Amino acid sequence: MKNPYLPIPMVVKKAYSETSDRMLRTIELGFLNESDEKGFQFMPGQFCELSVLGKGEAPFGIASSPTEKGSLKFTINKAGRVTTALHHLEEGEEVGLRGPLGNHYPIDRFEGKNVLIIGGGFAFTTLRSLVVYLSHPENRSKVKEITIIYGARMPGLLLYKEELAQWENRKDLNLVVTVDWGDKNWKGKVGLVPNVLEEIAPSSKDTYAVICGPPIMIKFTFPKLMALKFPNERIYTSLEKRMKCGIGKCGRCNIGHLFVCKDGPVFSYAQLEKLPKDY
Amino acid sequence: MSQLAIQEKIREKAKELLSKKEVDLIIGFSNWTLPLRTTPVFIRTPEGTESLIWNSFCENNLATYIHKFSRFRVGIIVKGCDARSLTALSLEKRFNPERVFLIGVPCQRMVDRKKVTKAVKGEILRAEERGEEIIVEGEEFKTVLNKKDYLYPSCQVCTHRTPIQAHVLVDDPVEESPLVEIHPGVNQFEKKTFEERWRFFEKETSRCIRCYACREVCPMCYCTECFVDDYRPKWIGGGLQPQDLQFYHIVRAYHQTGRCSGCGACERACPMDIPLTYLTQKLNQDVKELFGFEVGLNSKTPPPLSTFEVDDKGDFIK
Amino acid sequence: MEKSWEPKILAFLCNWCSYAGADLAGTSRIQYPPNIRVIRVPCSGRINPLFILKALQSGIDGVLVSGCHPGDCHYLSGNYIGRRKFATLKRFLEYLGIEGGRVQFSWVSAAEGGKFSQMVHEITQEIKKLGPAKRFVKREDSRAIKFETQNSKDKTILK
Amino acid sequence: MMRRLDKRDFETFLESVMEECDLYAPVSLTEGVSVFKKIDHPNEVNFSQLLTQKPAKEIFFPQSEPMFNYERRGGKIQITSNEEVKRERILLGARPCDIEAISLIEKVFMSEPYTDLYFLEKRRKTTLIGLGCNPPLSTCFCSSAGGDPFLRSGSDLFLVDLGDAYSVELLTEKGMVFSKNKFLREADPEDLRRIKELEDKAFEKVGFSIPMDGIEKRLDLMMESFFWDRVHEKCIGCRICTYLCPTCHCFDIVDEGDFARGQRMRNWDSCLSPLYSLETSGHNPRPTTRERTRQRLMHKFNYFPKIFNRVGCVGCGRCIQYCPVHFDIRQAIIWTSSKRPRKPKI
Chain G
175 MKNPYLPIPM VVKKAYSETS DRMLRTIELG FLNESDEKGF QFMPGQFCEL
225 SVLGKGEAPF GIASSPTEKG SLKFTINKAG RVTTALHHLE EGEEVGLRGP
275 LGNHYPIDRF EGKNVLIIGG GFAFTTLRSL VVYLSHPENR SKVKEITIIY
325 GARMPGLLLY KEELAQWENR KDLNLVVTVD WGDKNWKGKV GLVPNVLEEI
375 APSSKDTYAV ICGPPIMIKF TFPKLMALKF PNERIYTSLE KRMKCGIGKC
425 GRCNIGHLFV CKDGPVFSYA QLEKLPKDY
Chain W
15 MSQLAIQEKI REKAKELLSK KEVDLIIGFS NWTLPLRTTP VFIRTPEGTE
65 SLIWNSFCEN NLATYIHKFS RFRVGIIVKG CDARSLTALS LEKRFNPERV
115 FLIGVPCQRM VDRKKVTKAV KGEILRAEER GEEIIVEGEE FKTVLNKKDY
165 LYPSCQVCTH RTPIQAHVLV DDPVEESPLV EIHPGVNQFE KKTFEERWRF
215 FEKETSRCIR CYACREVCPM CYCTECFVDD YRPKWIGGGL QPQDLQFYHI
265 VRAYHQTGRC SGCGACERAC PMDIPLTYLT QKLNQDVKEL FGFEVGLNSK
315 TPPPLSTFEV DDKGDFIK
Chain H
-9 MEKSWEPKIL AFLCNWCSYA GADLAGTSRI QYPPNIRVIR VPCSGRINPL
41 FILKALQSGI DGVLVSGCHP GDCHYLSGNY IGRRKFATLK RFLEYLGIEG
91 GRVQFSWVSA AEGGKFSQMV HEITQEIKKL GPAKRFVKRE DSRAIKFETQ
141 NSKDKTILK
Chain S
59 MMRRLDKRDF ETFLESVMEE CDLYAPVSLT EGVSVFKKID HPNEVNFSQL
109 LTQKPAKEIF FPQSEPMFNY ERRGGKIQIT SNEEVKRERI LLGARPCDIE
159 AISLIEKVFM SEPYTDLYFL EKRRKTTLIG LGCNPPLSTC FCSSAGGDPF
209 LRSGSDLFLV DLGDAYSVEL LTEKGMVFSK NKFLREADPE DLRRIKELED
259 KAFEKVGFSI PMDGIEKRLD LMMESFFWDR VHEKCIGCRI CTYLCPTCHC
309 FDIVDEGDFA RGQRMRNWDS CLSPLYSLET SGHNPRPTTR ERTRQRLMHK
359 FNYFPKIFNR VGCVGCGRCI QYCPVHFDIR QAIIWTSSKR PRKPKI
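Protein chains in written order, with our numbering: chain G, 175 to 453; chain W, 15 to 332; chain H, -9 to 149; chain S, 59 to 404.
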């Protein structure tokens, strides 16, 4: 039987800073053992526990898509002990990884439907995974229109800038990038995500919405989605809470009787409505 | 005054404060489900004051709750030690003294329930205090114990039983003399050799389960992040390694230097019966000897470790 | 084995006096034992008792805290405040059964290179006499918890 | 199958058992404090305290347990897991509530899709010997919480103290191993009657006083209740009730060691600690004791039954006995029941 607490060894293939404030760093991890790679099957929305031995472990959403073979990508915000240690990693160093954990975005339900993806700040990681997955030639035909609204505080804080530029040019993706405050080089939209959503007003007909961002953004975006007549069952979001084990044993990430790590992190708004408001 | 009379006076005063709306709530003691014990209650209505009681089992230091209720105007029933803790806390600017009303009760010294429990065979189901005696009853026994023999060690040495800082005293001040001169724990411990002392400390702390009850129950332990929870730097490990337990207990006690009122709440709270007051009492003695300071006697003198005298003793320094 | 053992001593030296004093000892070529490892701190008042305890727990055989003479503190009163902390801490550790000689304090000014060297000699000798620290030292093999039960009083605990 | 073990033979019986197994039993650390611990000599076993301070869950889920060791050697990380248990174990003298609690924790640790091997390995290699409670304490309310003072389920063997001897019931396959043991003699026909007597007495004492039925449904409606504003007031946020609780199973995972080598430890953690749910951003979803007390009670009486169809409390009463401010969980349950006025009187 597999011990779910044992990390598998991974090697840092590439590590680079994402944003101008250097607080967000992306690391690309490669598998050291082939058998681990074969056993690692995941879908967009799932997360992993990364450990720097001696410092501890912490959960991170997988930013790469299953279609990108050979490596896993994580974008990490420097905040505490483990994330700082992860920021200090250099190429060639070893890290531990447990996963994939949790559930994923309900991609099978998206089939034949439109998808509206709303992201804010550095919560865009698993959404990037979703976009890359859906826009992959193999999967693109499965869904109809893909609309992406992505906002950050400043242009310098946008993640995956090169990719955003590529998506901009793609005809089969509707990408709207917005910032709260532009600078003199910024030519795109300026405005908060909820307002931009209101402005674009995508149709809710046959559309699933996936939303992920800071709590304040989510709080103001939900009403706008409601106003656009999105039913609760078709709005999905990904939650975060303090986690330790990631497999529903250690007890801290519960909301009501559900565990964010095991029963989530992806929940539909309909599910969330049934859960207690504060916990 | 008898305890019942004191209890009546407490209720009267609490009722008055609440009905005049001078305070939002009264923190006091009430009877509860187990014998030999009382529980803190928080009373907001004049009628509720009927549940306030006073006896020799009102052992909790209610000053602890000032942190939780500092945004209300509170009336607190205080013993000598509680009042001194509160004075020390007001020196550390933990609350606005104007919003706190102290109902002082000269303390008759509290009864050590653990000692009583050990004195009888079987579970105690009922206990009653009658003057200087405690009558404990179980299924198969009824014993009369002399209260004097079952007092908390920290209460035996107490020389500040009257809460002189209180806004109102419900009874006349009691005579301030200790039952024993030196804390029994300190006394016994000091007689041991170096080696024995460390072994005793080692053995006692090895039982610690790190529930941190001693920390939480202490009015002076209010740091939002305790050193045990720091992780940058990480001072101590999170497990049960003996040295980590010792580290915790040394620092917890040492952090009370010049702040501990000697109420003994830490020791009473411990589920594993680890003696703790022999540490804090020793520090209190040291502080008194070195700096002539006793905690919470007046609201002007700053705590000794936050100030200095130019001619402090320094003969241990090379 | 006994002979080759040399104590490790951690010295917290204040930036303005003792560190300069140690420096002076060096530049004047006054020799002192190499047992001390120096950590420079802004002031002896900066010393948190946790530093001393953590050092002892990590297996250091002795700790030295040294600062400016009373009245000379760069920050006016840092060493006075420190002195009260040290006095209580030293007494407390001795009370608990940790050898008093393991925790040492001194005042060394920037001009006292000779005193510094002299003092380090003394302290090193003293700690050598005490032998390697045993109490309170965290070792890798000490992770196992051993309880002493009432019926097994003769057994040794917590080796 | 019923047997009888003379108290005279008790120590020799344990000695013979200890030749093959590690024996865990309650021992007294000092007067009035006992814990379950591995026994070196049979005379350490001490049943005088009905409930040990730390519950028997510690044998399966230690307070501080290394999960694996790691070592960096030449740029490679070596990981050695510590889940394996080499010798068979026997847990002796656990009370029915503790054993019931172990099966509750088992549900959590074995629940799909992940199995906690550290727990499983210890559980699989342990024979449980239960011990009936005669007489139970006044704080016991196991009958109300779905157990009883002589509950056999979960035990492999079950002992009842008959004064001069223990009656031994062999209940499971693991227990039947002892059927040939020479110290276990033929049971006295009188024994059954005496056990019945003791049981009746114990039942009478414990009673069904706590309204546990339907508590899950009641709490469903009480998430925002005024109740929580009051019930938490006296709680000071120590961890006694959670660490001494036989069913609490939350833990923390931390690394101890340095870059080169160390261990990943799993330590008990408590929902009453503010750091339990504090996120790195500084946001704490459970900022005060109100939310934390609610989490503790809701988890036991609402969330747990929702997942496992049984309240997460076995009624051992430890949290009542040892709470420094005397929070009584029984009273809290009564307050949630319909018998209570809408607002607590005080």
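By construction, the Cβ of each residue, glycine as well, lies at the ideal position given by its N, Cα and C atoms. Quick caveat: nothing in here was measured; it's all calculated off a predicted structure.
Which residue's Cα is closest to the Cα of residue i: the options?
{"i": "C293(S)", "options": "D386(S), V226(S), V218(S)", "result": "D386(S)"}
{"i": "V31(H)", "options": "A45(H), Y22(H), Y9(H), Q47(H)", "result": "Y9(H)"}
{"i": "M15(W)", "options": "R51(W), P187(W), T52(W)", "result": "P187(W)"}
{"i": "L347(G)", "options": "S309(G), V269(G), G204(G)", "result": "S309(G)"}
{"i": "T299(G)", "options": "V317(G), L338(G), E264(G)", "result": "L338(G)"}
{"i": "Y382(G)", "options": "G286(G), T200(G), M417(G), I236(G)", "result": "G286(G)"}
{"i": "W355(G)", "options": "I374(G), E372(G), G325(G), A375(G)", "result": "G325(G)"}
{"i": "V55(S)", "options": "K29(W), L254(W), P285(W)", "result": "The requested residue 55(S) does not occur in the structure, where chain S is confined to residues 59 to 404."}
{"i": "L263(G)", "options": "V226(G), G293(G), G235(G), P280(G)", "result": "V226(G)"}
{"i": "P439(G)", "options": "L246(G), P450(G), P274(G)", "result": "P274(G)"}
{"i": "G266(G)", "options": "L228(S), L195(S), R322(S), K134(S)", "result": "K134(S)"}
What are the boundary residues of the alpha helix (DSSP H) that includes residue i?
{"i": "F208(W)", "result": "208 to 219"}
{"i": "V194(W)", "result": "No alpha helix (DSSP H) contains V194(W), which DSSP labels as neither H nor E."}
{"i": "R352(S)", "result": "347 to 356"}
{"i": "D156(S)", "result": "154 to 168"}
{"i": "C95(W)", "result": "94 to 105"}
{"i": "N369(G)", "result": "367 to 374"}
Between which residues of its own chain and residue i is the CB-CB distance below 8 Å, once the five residues before and five after are set aside?
{"i": "I380(S)", "result": "Rather than Ile, the amino acid found at residue 380(S) in this sequence is Tyr. Closer than 8 Å at Cβ, skipping near neighbours: Q111, I298, C299, L302."}
{"i": "C172(W)", "result": "G94, C95, C121, R123, P192, G276"}
{"i": "Q170(W)", "result": "R123, P192, L193, V194, H197, P198"}
{"i": "D278(S)", "result": "N360"}
{"i": "I268(S)", "result": "F199, S202, A203, G373, R388, I391, I392"}
{"i": "N141(H)", "result": "Caution is warranted here: a pLDDT of 46 is assigned to N141(H), below 50, making its placement in the model unreliable, and the coordinate value is therefore given only provisionally. Answer for N141(H): no residue qualifies."}
With a CB to CB cut of under 6 Å and the five nearest residues on each side skipped, what residues in its chain are close to residue i?
{"i": "W249(W)", "result": "F241"}
{"i": "K403(S)", "result": "Because the pLDDT at K403(S) is just 47, under 50, the model does not fix this residue reliably, and the point stays unresolved."}
{"i": "R221(W)", "result": "M286, I288"}
{"i": "K29(W)", "result": "P60, T63"}
Which residue marks the beginning of the beta strand (DSSP E) containing residue i, and which one marks its end?
{"i": "V226(S)", "result": "223 to 228"}
{"i": "D64(S)", "result": "60 to 64"}
{"i": "C222(G)", "result": "221 to 226"}
{"i": "Y82(S)", "result": "80 to 88"}
Ordered along the chain, which non-local residues of its own chain (more than five positions away) have a Cβ less than 7 Å from that of residue i?
{"i": "T146(H)", "result": "Residue placement at T146(H) is flagged as unreliable, the pLDDT there being 37, under the threshold of 50; a coordinate-derived value is accordingly withheld."}
{"i": "E154(W)", "result": "G136"}
{"i": "C79(S)", "result": "R145, E146, R147, I148"}
Is there at least one Cβ from chain C nearer than 8 Å to residue i's Cβ?
{"i": "N75(W)", "result": "The displayed structure is made up of protein chains G, W, H and S, and chain C is not among them."}
Given the structure, does residue i come close to the ligand COA, in the sense that its CB is under 7 Å from one of the ligand's heavy atoms?
{"i": "D357(G)", "result": "What this structure holds is no ligand at all, so the ligand COA is not there to describe."}
Can you confirm whether the region 193 to 202 of chain G touches the region 325 to 337 of chain G when touching is taken to mean that 3 or more C-beta pairs between the two stretches lie within less than 8 Å?
yes
Against chain W, which members of the region 62 to 78 of chain H pass a CB distance test of less than 8 Å?
S67, Y70, I71, R73, R74, K75, F76, A77, T78
What are the residues of the region 114 to 142 of chain W that lie near chain S, defined by any Cβ-Cβ distance shorter than 8 Å?
Taking 8 Å as the Cβ-Cβ cut-off against chain S, the residues of the region 114 to 142 of chain W that qualify are K128, T131, K132, E137, L139.
Are there three or more Cβ pairs, one per stretch, closer than 8 Å when the region 48 to 58 of chain H is compared with the region 68 to 75 of chain H?
yes
Could you tell me whether the region 102 to 119 of chain H touches the region 312 to 324 of chain W, where touching means 3 or more Cβ pairs closer than 8 Å?
The answer is no - the region 312 to 324 of chain W does not touch the region 102 to 119 of chain H, with fewer than three Cβ pairs under 8 Å.
Residues in the region 226 to 252 of chain G having any Cβ partner in chain S nearer than 9 Å:
V226, L227, G228, K229, G230, E231, A232, N251
Examine the Cβ distances between the region 195 to 213 of chain G and the region 400 to 417 of chain G and report whether three or more of them are shorter than 8 Å.
no
Hey, is the region 103 to 117 of chain S in contact with the region 153 to 163 of chain S, meaning 3+ C-beta pairs nearer than 8 Å?
yes
Specify whether the region 257 to 271 of chain S and the region 62 to 81 of chain S touch according to this definition: at least 3 beta carbon pairs, one from each stretch, less than 8 Å apart.
In this structure the region 257 to 271 of chain S does not lie against the region 62 to 81 of chain S, because fewer than three pairs of beta carbons, one per stretch, are closer than 8 Å.
The region 267 to 283 of chain W: positions lying closer than 9 Å to chain H by Cβ:
A267, Y268, H269, T271, G272
Any residues in the region 7 to 40 of chain H with a beta carbon nearer than 8 Å to a beta carbon of chain W? Which ones, in chain order?
P39, L40
Could you list the residues in the region 282 to 298 of chain W with a C-beta less than 8 Å from some C-beta on chain S, going in chain order?
R282, A283, P285, M286, D287
Are the region 246 to 260 of chain S and the region 136 to 151 of chain W touching by the rule of at least three beta carbon pairs closer than 8 Å?
no
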